[in-house]
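For what it's worth, the numbering used here labels the leading residue of the sequence shown as 239, then goes sequentially.
The beta-carbon is built from N, C-alpha and C at its ideal position, and this holds for glycine as well.
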Amino acid sequence: MSAPYPWLAAPWQRLLATRTRPAQALLLAGPRGVGKGALARAWSQALLCEAPQPDGAPCGQCPACHWFETDTHPDFRLLTLQEKTGKEGETRMATAIEVEQARDAVDFVQLSTYRAGFRVVLVDPADSLNLAAANALLKVLEEPPLNTVFVLVSDQPRRLLPTIRSRCTRLDIGLPPADQAAQWLAGQGVDDAATLLALSGGTPLDAQRWAEGSELDERRGVLESLAQPGQLDPVALGERWKAISPQTWHNVAYKWLGDLLAVRLQGSVQFNRDFADALARLGRKADLAKLLALAKVQANEGRTLAHPLNRALQLEAWLIQYRHVFD
Ligand SMILES: [Zn+2]
């Protein structure tokens, strides 16, 4: 098995070289959308594989690999955000890894292993451990049982407890070189890889997500309206855009405001290069204080991203504030 993505070949080989004596707690850190999660899974499989290849990579054939790939390996636990069912039967993602999950993992590492090899606990995203969960895990991270390996994945390693961070061997995964990312995207059948890479801040997996989903159409619709603030109808648009997922909306709005700020401050468009003309025109007109205030609101929204009760009304208020930026 080779690295999950071509730009991960070097860290993959570095990890495999440690396969017989792996770090007991590994932290894979780096921006989102570069494949850290896939690398962490591949590494977990490498540790569990019972017939590894000469370089330490998993064989993909043995019973352990088969169990791993079907999420049934008895010596593997994944701690991640779980889907929850709300009072009205709606499902949503939890915003934290809960203490019960961490306690399960602690119990799990105290058991003897089913197979003769390693036992692996993968925590992804590790920065979503809530405080109680982090503290529960900390105890076993301090003195991990024999043959136990923890793999933590994080886009925001600063949000981890310092005591957890300090227990981990850290491996940083950076953005791939732009030409390598563009080449990979082209190989996946993505047209206009350069525009999408700019839009996603250089992260190839985000760029791929943009290319695959309806997000790109939604983005275009939103930006075409935002490019004409004088003609915005906040009520109608709030009603129409409430169907857009909060993540997509935040992604689009935040980058649009970022580009406006860049232009206003004599910089250049970073994300929305396909709207460069409109951004140049609007950026010159924008009131800096009002623009900064709105960007701050947007940045705060990014921390929550839960669906608010009255989405249409919230969007309407945002749009009214946005229109005033160009009064
Ligand atoms: Zn195997």
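Span separating the alpha-carbon of residue i from that of residue j
| i | j | result |
| --- | --- | --- |
| residue 418 | residue 274 | 17 Å |
| residue 561 | residue 395 | 37 Å |
| residue 514 | residue 299 | 50 Å |
| residue 288 | residue 357 | 12 Å |
| residue 475 | residue 302 | 52 Å |
| residue 558 | residue 369 | 38 Å |
| residue 310 | residue 518 | 54 Å |
| residue 257 | residue 407 | 14 Å |
| residue 488 | residue 306 | 35 Å |
| residue 421 | residue 445 | 12 Å |
| residue 526 | residue 465 | 17 Å |
| residue 313 | residue 326 | 36 Å |
Given residue i as reference, the closest of the options once Cα atoms are compared
| i | options | result |
| --- | --- | --- |
| residue 372 | 348, 489, 399 | 399 |
| residue 486 | 452, 464, 507 | 452 |
| residue 554 | 507, 362, 499, 472 | 472 |
| residue 342 | 243, 359, 353 | 359 |
| residue 316 | 361, 304, 349, 283 | 361 |
| residue 244 | 255, 449, 272 | 272 |
Supposed contact pair residue j and residue i - C-beta distance, whole angstroms, cut 8 Å
| i | j | result |
| --- | --- | --- |
| residue 520 | residue 403 | Not quite, the Cβ-Cβ distance comes to about 42 Å (not below 8 Å), so this is no contact. |
| residue 498 | residue 524 | 6 Å |
Cβ shell of residue i (< 6 Å), same chain only, five flanking positions each side left out
| i | result |
| --- | --- |
| residue 621 | Residue numbering for the chain in the displayed model covers 239 to 565; residue 621 lies beyond these limits and cannot be assessed. |
| residue 410 | 267, 268 |
| residue 378 | 344, 347 |
| residue 241 | 247, 250 |
| residue 270 | 393 |
| residue 491 | 536 |
Neighbourhood of residue i by C-beta, 7 Å cutoff - its chain only, sequence neighbours within 5 removed
| i | result |
| --- | --- |
| residue 397 | 365 |
| residue 550 | 476, 477, 480 |
| residue 374 | 337, 340, 341, 344 |
Proximity test, Cβ basis, 9 Å: residue i and chain D
| i | result |
| --- | --- |
| residue 490 | Going by chain labels, chain D is absent from the structure shown, which holds only one protein chain. |
- Query: For the stretch 490 to 545, which segments carrying the alpha helix (DSSP H) assignment without a break, of at least 4 residues, lie completely within its bounds, in sequence order?
  - Reply: For the stretch 490 to 545, whole alpha helix (DSSP H) runs of length 4 or above, ordered along the chain, are 514 to 523, 526 to 542.
- Query: What beta strand (DSSP E) runs, 3 residues minimum, are completely inside the stretch 338 to 423?
  - Reply: The stretch 338 to 423 contains these whole beta strand (DSSP E) runs: 357 to 361, 386 to 392, 407 to 410.
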